[in-house]
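Each residue of the sequence shown is one higher than the one before, starting from 1 at the first, in the working numbering.
Just so you know, even glycine gets a beta-carbon here, dropped at the ideal spot from N, CA and C.
Every value quoted in this text rests on a predicted model; they were computed, and no experiment measured them.
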Amino acid sequence: MNFAATALLSLAMSTDAFAAAVGKGAALHRPHLREALRTGLIFGVIEGLTPVIGWLLGQLAAPYVSAWDHWIAFVLLGGLGIMMVREGLSTDEEEAEKPGSHSFWLLAVTGFATSIDAMVVGAGLAIMDADIVVTAIAIGFSTFVMVTIGVMLGRVLGLIAGKRAEIVGGIILIGIGAFILYEHLGATA
Numbered sequence: 001m002n003f004a005a006t007a008l009l010s011l012a013m014s015t016d017a018f019a020a021a022v023g024k025g026a027a028l029h030r031p032h033l034r035e036a037l038r039t040g041l042i043f044g045v046i047e048g049l050t051p052v053i054g055w056l057l058g059q060l061a062a063p064y065v066s067a068w069d070h071w072i073a074f075v076l077l078g079g080l081g082i083m084m085v086r087e088g089l090s091t092d093e094e095e096a097e098k099p100g101s102h103s104f105w106l107l108a109v110t111g112f113a114t115s116i117d118a119m120v121v122g123a124g125l126a127i128m129d130a131d132i133v134v135t136a137i138a139i140g141f142s143t144f145v146m147v148t149i150g151v152m153l154g155r156v157l158g159l160i161a162g163k164r165a166e167i168v169g170g171i172i173l174i175g176i177g178a179f180i181l182y183e184h185l186g187a188t189a
């Protein structure tokens, strides 16, 4: 795989993580760059590891993962989105009630849900005999940058929209999950 193909693949793999990060940033109480970098690092590492896992599993697991990846992503992202919408609709509208950071596990689950497709890509790369190390590093780095920017963009949106930003962030996560499901079910129809 050449440089341009690797760069485009990396960008494509990080776009859903970027959208989720915007929602995560909007749900926080004025996240600082440190929190954005932490979130980017968690998402980037997970997004970089999943194609390696897919590559290692190769052709053996690809049919099983690709048969269920869209449902797993839909359930995880939909569930997280519903939690965010419910929090946004709660009666307590004080800005001080918004957390300063998300828990590691919440970020890890979100990162995993947005990176399941990268596992399938990794399995495909095994078939192509592509250099998985370079590709995984590129995907992880691209995701790190995109998520960091997404959290900081979410900060601006959160300041503008207040508590409604958490509702919008939840709707974005639900939308990403629904789009992944639609995209995969539409491809099989």
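Candidates Gly-23, Thr-6 and Thr-148: which alpha carbon is nearest Gly-170's?
-> Gly-23
Helix, strand or coil: which one does DSSP assign to Glu-94?
-> With a pLDDT of only 48 at Glu-94, under 50, the local geometry of the prediction cannot be trusted, and the value read off the model is given with reservation. Here Glu-94 sits in coil by DSSP.
Three-way DSSP call (helix, strand, coil) for Ala-19 in this model = helix
Going by other Cβ atoms of all chains shown within 10 Å of its Cβ, with 16 needed for buried, is Ala-118 buried or exposed?
-> buried
Minimum C-alpha distance to Ile-72 - residue among Tyr-182, Gly-177 and Glu-183 | Gly-177
Alpha carbon to alpha carbon, what distance is there between Val-45 and Gly-54?
-> 15 Å
Excluding the 5 residues preceding and the 5 following Val-109 in the sequence, name in chain order all residues of the same chain whose CB lies nearer than 8 Å to its CB.
-> Leu-76 and Leu-80
Reference Met-84; option with closest CA among Ile-174, Tyr-182 and Phe-179 | Ile-174
C-beta contact flag for Gly-25 and Met-152 at 8 Å = yes
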